[in-house]
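The structure appears below as structure tokens.
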Amino acid sequence: MNYPVWELYYLNSGTLIAIIAVLHVFISHFAVGGGIFLWLTDLKSVREGNIALKQYVRRHIWFFLLLTMVFGGVTGVGIWFIIALSSPWATSVLIHTFVFAWAIEWVFFIVEIISLLVYHYKFDSLSDKNRLTVAFIYAASAWLSLFIINGIITFMLTPGEWLKTANFWQGFFNPTNIPSLFFRTAICVMFAGLFGFVTAVFERETQLRSTLLRYCAKWLYIPIPFLLISGAWYFYSIPENARITNFVLNKQTVNAVNVFVVASISLYFLALILVIKTSQILQRIAVFVLLLIGLSWIGGFEYMREYARKPYVIYGYMYSPSILVADEQRLNREGFLRHAKWVTVKEITEENKLVAGREIFNNQCLSCHTIKGVKNDVVEKTRGLTQLGIISQLYGQGKILDYMPKFIGNEKEIEALAAFIASLRGKEQLHTAEFKPKEEEVQIPSFDPQKDQYVLLAWSSLGEKCITDIDRWFSFLYPGSYFQAVLIKRGKKPEIVTEGIEIHYEAQKGYETPSKHTDFWKYAESLKGKKIPENIGVAGKGTNGVFDYDKDKNIFYVDGVPVLPYRNDGVFNPYPIFEAKAIEKATGKILQTTRFVAPVSTELRCFECHGGKPRWKEISGISDETAINILKVHDRNHGTKLLESALKGKPMMCQKCHEDFIVKAEGIKGHNSFSASMHGWHANYIPWKDERACNFCHPNDARGNTRCNRDIHAKIGIGCTQCHGRLDEHASSVLLSQKGTRTAKLLLKNLKPETPIESIYPRKPWVQQPDCLACHEGFQKPERNASSFNKWTTDFSTLFRARRDNTGKLPCLACHGSPHATYPSFNEYGKNRDNIQPMQYQKTPLPISSELKCEVCHKIKMQGNQHHSNMLRQFRNREYLER
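Just so we're on the same page, this note's numbering is the position in the sequence shown counted from 1, plus 265.
Structure follows, in structure tokens:
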């Protein structure tokens, strides 16, 4: 950021460095190994008195001189030129830190030039002893050049204690210096044999050619054990975090590794062709193929080495965009542009936002990315992301996949860069249609407190059953609601009736055929698989049927009722009404009838970041475009083939891999639970931590179509975070329960929960939730600013939706309603849509029997708090009932 930027958009400077550097490194390793080859081969000819071998050395020198001194020298200068333009600050640091090392290297290089020229031009006139001395001087000075340059190159990967001391010797003799030196020396010897093949195959005399090919093959094969041992030593000298980051998380490294492995196998296999009896033409073809393979081999190695130090150009000291690690916090706080010397924009406004974004792109992205170019095209990389998605990507950049540097700068600068990148694709079309719920009148069933002998209470145990209705591509929330019911025979001492009755349920007209609106049942077998229980999402007993009876829980229930918010007449309503009837088996007499809401939402706002628009009439659901973009991201980041599988008609359910209590899925050992994966990953990317973050996935946004948090808590201003914590806190609580898996640690390391991480109690998703009684201690009015975050229920039985009263017989939900829709509830689709049963039995929307209305079940006024303490008090927030 302290130097002008070389603005190359199609072929960026990093790619140019790679092209020149790989060629130079290929030749320079030959220059070192070839010097040893010349000296030892010449020595062999002298000791054996082999004139033919001596003449071969004489001819090999000319090829060696032209390739190493001319081509090698030009590419060496090219590297200095290109790195000075591409990364001038890092180059300056290397020069100033190792100025004397560079000077010594130049001395060795001059000695190389002089000795090689003397060796070539005085080859015939020098005595054997003097000629071998000159050859040795060249070989030694070439290897010493490698020694010096290796120390500087390895410093960039592992500066070690230099980061603390800035000591020359600690920087030079860094942790990877010696293993790298052994490894590169072995490469040099190997390349000596490889290039020896080139001159050997052009020897005319068949016997000499055959002898030379076998001799050169030894140079190729003898270094193998040294390569393997020093290579392993080199690899494990790299810091563990760098190994994980760049050889596990960075999928680009896989390509370099594959090239390296394939080239290694091909190199040694093809070399055998040269040592067996084959035609000279075939040998010449094979040797040039070998050179290309050798170039690929060193290219694969150099790419792996470069990837290993990402996201830095000097590991731990300077990021790849030439920003010092020490400056990161200051630039985040004060702004990047303010301190960048070669930019035209210092303060961002609406008018200059795109110009500012371009300046930031040039300074922070251009070293690795292109614009519609040959490598790492930023347009292609962000395809499938909206502008908000790009903002989220920049916010989370380098946190989990930390082979990329984190974005350096403030919030306005993130927005400016995102706007610039989005502008490269043309005008962005966003789904911005405002949805207004259509209020529908609800018919309240009749109840005569004087004559009726029974009270029937029925409910959906979830305040909102969420569904991913894009089953052609993937699923993690299948259709299938869970209802419960109790029948109470009224009296001074009411009793719960469980025998001799049936409780029937029937969907509101228009909701009887949910299969018209989702493909789940078409793909159910593929989605379920072996890890998912067989009964998930099955139509249960249909939208009309009979409740089962659970003897252990002493309650009527029905599981897997297929409910969707799409009505057959084209109306969207996420609060369908079901009717329940208690019928005496012996006579068929209807004992009592009631109605209840079966809340269901398909509102997941994935499109806000991943593109597309809501699937069902642009109101709700996940579109094909959005789903495909999500699968592409998952496949790219995790090496899966989910999109390919879906295109073959075999979509996956996320819980096949990720354990999830709610669907009783075991998942795959070592994978985080579904909740930990979703919350942990997105907490690293979503730039907000309050309710705005919750609303991307959970259907409560006032802009959305569901607005599920609709009880008195929401009415008085209590939001998601007061119970569940802000996003980083919420994610941390489930990640901490993953027993230290590697991915959980990665997801946790950059989260910044307001509650100190060491103070957050791990919890199991769906089982350990915020405990209502943490705020309503003793069923009393909560303290001001009370919060139930980090005060979890102990097990499933203590959840609000599973808890029972003091008698142990009556579920809390029977009288209070479902989670997030407890009585009184305020539903925009109908004033009393969630309050049907309290309105039916007591003419108020308050919890059943509240405000001394015990006669709903007891037929008479009661004294005492039999069901739970403090139940006889007056409702506290009456003023909200009239709003």
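Glycine residues also receive a C-beta, built at the ideal position from the N, C-alpha and C atoms.
Residue i and residue j closer than 7 Å at C-beta
i, j, result
"residue 440", "residue 425", "yes"
"residue 823", "residue 863", "no"
"residue 623", "residue 685", "yes"
"residue 987", "residue 885", "no"
"residue 563", "residue 329", "no"
"residue 341", "residue 289", "yes"
"residue 1151", "residue 977", "A query on residue 1151 cannot be resolved here, the shown segment of the chain reaching from 266 to 1148 and no further."
"residue 753", "residue 759", "yes"
"residue 708", "residue 683", "no"
"residue 728", "residue 1083", "yes"
"residue 1139", "residue 1116", "yes"
"residue 992", "residue 1029", "no"
"residue 509", "residue 404", "no"
"residue 451", "residue 303", "no"
"residue 631", "residue 267", "no"
"residue 869", "residue 985", "no"
"residue 948", "residue 996", "yes"
Top-ranked residue by Cα proximity to residue i, from the options
i, options, result
"residue 498", "470, 583, 514 and 448", "448"
"residue 331", "316, 318 and 296", "296"
"residue 626", "659, 599 and 649", "659"
"residue 465", "835, 321, 652 and 394", "321"
"residue 521", "1111, 1010 and 569", "569"
"residue 394", "378, 308, 471 and 405", "308"
"residue 877", "866, 869 and 890", "890"
"residue 924", "934, 916 and 915", "934"
"residue 629", "1121, 969, 742 and 596", "596"
"residue 590", "1000, 745 and 428", "428"
Distance between residue j and residue i (C-alpha atoms, nearest Å)
i, j, result
"residue 489", "residue 1031", "55 Å"
"residue 800", "residue 825", "Residue placement at residue 800 cannot be trusted, given a pLDDT of 46 that sits under 50; what the coordinates show is reported in the next sentence. When rounded, the distance between both Cα atoms is 8 Å."
"residue 311", "residue 541", "27 Å"
"residue 306", "residue 364", "36 Å"
"residue 1054", "residue 1036", "8 Å"
"residue 506", "residue 421", "16 Å"
"residue 486", "residue 335", "28 Å"
"residue 907", "residue 791", "12 Å"
"residue 535", "residue 357", "43 Å"
"residue 462", "residue 560", "15 Å"
"residue 546", "residue 1011", "55 Å"
"residue 661", "residue 655", "10 Å"
"residue 576", "residue 588", "11 Å"
"residue 804", "residue 1075", "Low per-residue confidence applies at residue 804: pLDDT is 45, beneath 50, and the placement is therefore not dependable enough to give any value."
"residue 798", "residue 1142", "Residue placement at residue 798 cannot be trusted, given a pLDDT of 47 that sits under 50; the coordinates are not used to answer."
"residue 747", "residue 585", "53 Å"
"residue 940", "residue 1026", "16 Å"
"residue 1125", "residue 710", "22 Å"
"residue 477", "residue 531", "21 Å"
"residue 1105", "residue 1118", "13 Å"
"residue 479", "residue 391", "29 Å"
"residue 1021", "residue 681", "32 Å"
"residue 846", "residue 1121", "18 Å"
"residue 475", "residue 1006", "57 Å"
"residue 415", "residue 873", "48 Å"
Presumed contact (8 Å Cβ cut-off) between residue i and residue j, rounded CB distance
i, j, result
"residue 671", "residue 677", "With 8 Å as the limit, residue 671 and residue 677 do not qualify as a contact, their Cβ atoms being about 17 Å apart."
"residue 1134", "residue 1080", "Their Cβ separation, rounded to whole angstroms, is 14 Å, which puts residue 1134 and residue 1080 out of contact at 8 Å."
"residue 892", "residue 738", "4 Å"
"residue 453", "residue 411", "7 Å"
"residue 951", "residue 657", "6 Å"
"residue 674", "residue 600", "6 Å"
"residue 376", "residue 402", "7 Å"
"residue 879", "residue 888", "7 Å"
"residue 1183", "residue 734", "Residue 1183 is absent from the model: the chain starts at 266 and stops at 1148."
Inside the stretch 346 to 371 only - alpha helix (DSSP H) runs reaching at least 4 residues: Every unbroken stretch of the alpha helix (DSSP H) spanning 4 or more residues and falling wholly within the stretch 346 to 371 is given here in chain order: 353 to 362.
Residue ranges of each alpha helix (DSSP H) within the stretch 1070 to 1129, 4 or longer: 1077 to 1081, 1101 to 1107 and 1120 to 1123
Residue ranges of each beta strand (DSSP E) within the stretch 727 to 800, 3 or longer: 746 to 754, 760 to 762 and 766 to 772, all fully within the stretch 727 to 800.
Segments of 4+ residues assigned as alpha helix (DSSP H) that fall wholly inside the stretch 418 to 470: 427 to 430, 433 to 437 and 442 to 465
Residue ranges of each alpha helix (DSSP H) within the stretch 516 to 564, 4 or longer: 516 to 540
Ordered list of beta strand (DSSP E) runs contained in the stretch 1036 to 1063, each at least 3 residues: none
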